[in-house]
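If you use our numbering, the sequence shown corresponds to residues 106 to 319, in order. Glycine is no exception: its CB is placed at the ideal position from the N, C-alpha and C atoms.
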Amino acid sequence: MKWGLLGGTYDPIHFGHLRCAEEIREMFDLNRIIFVPASRPPHKLEADITAFYHREQMVKLAIEGNPSFSFSGVEHEREGMSFSVETVQYFLGKYLKDLELYFIVGQDAFHAIQTWKDWENLLVLCHFVVMTRPGYENRGLDGILPAAFAARFAYDEAARGYRGPTGQVIYFREVTFLDIAASRIRARVRAGQSIHYLVPDVVRHYIRKNALYV
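Right, here's the structure in full:
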C-alpha cells in the first residue's frame, strides 16, 4: 500500500487542499490520501479553532465520492497536543509491513520544520512530499535543515529527491497553486461575502446551516 498523509486544521477544508491532494496522489501513484485534521495543533490557540466535530464533518463531506480520499480522526482520539511524528508512528506501527507512507506538507510548513516536535526523527520515518508553488527554485535542503543533518541526505537522480539514511526520500514537487486561505474564507463569511467556488458546495451549505464563522 502507498498512502499519503495530509494534515491540517481544515477550518474549513477548501479546493486548494483537495486539488493538491489529487495532484500528489496522481504523481506518486498513491492508493489513498488520508486527511488528518489536527485536534489541538501546537502552533495555534485552541480557542481560535472551530470544534473538531464540525471540521471533521466538513472534511468528510468534501471527500465523499472520491474512493481514493479518506478521513482519520487519530489526532482527536489521542490525548494532548497534535504532533505529526506521533501520527506517523501510529500509522507505521499499525501497517508497517504493508505500508509505504508519504507525509505531505506545504512549502511554508517545511521551511518551519525545525519548530516541530522530534523533527529529526520524523524526517527519516517516512517519505516527505513538499508541495511547492510554481516558480519555486529547489535549492535543496541547505538553509532549511542544519548543515550536519542535511548532509545525511543525498540527491537521487532516479527518484528526483533527497534520499536519507533510512532510504526515505524528501521530494519537492510543484502543484497547482490555488491562492485560497481558510482564514480569508472565515473572514468572508463574517463579512457576509460569497465563498462560492472556494469550498465545495456541501461544505458551504454546512457552514451556513451551522452558522460557522459568523
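Using the Cα positions of Pro117 and Val308, report the straight-line distance between them to the nearest angstrom. 8 Å
Can you check DSSP and say which residues form a bridge with Ser175? Ile139
Rounded C-beta distance between Leu283 and His159? I'm assuming under 8 Å. In fact, because the Cβ distance is near 23 Å, the residues do not count as touching under 8 Å.
In terms of residue numbering, what span does the alpha helix (DSSP H) encompassing His321 cover? It is not possible to answer for residue 321, since the shown part of the chain is limited to 106 through 319.
Quick one: which unbroken beta strand (DSSP E) runs of 3-plus residues sit fully inside the segment 213 to 293? Chain order, please. 232 to 237, 259 to 261, 266 to 268 and 274 to 279
Residue interval of the beta strand (DSSP E) (run including Lys107): Lys107 to Gly113
Indicate the three-state DSSP secondary structure (helix, strand or coil) for Glu127 in the structure shown. helix
Would you give the residue range spanned by the beta strand (DSSP E) that Phe196 belongs to? First-last for Phe196: Ser189 to Tyr200, but that is the alpha helix (DSSP H), not the beta strand (DSSP E).
Have a look at Gly185 and Pro172 and give me their C-alpha separation to the nearest angstrom. 31 Å
For Tyr207, report the span of its beta strand (DSSP E) as first-last. Glu205 to Gly211
Short check: CB of Val235 to CB of Gly211, under 9 Å? yes
Tell me which same chain residues have a C-beta within less than 6 Å of the C-beta of Pro305, skipping the five on either side of it? Ala167
Give me whichever residues DSSP pairs with His301 in a beta bridge. Val304
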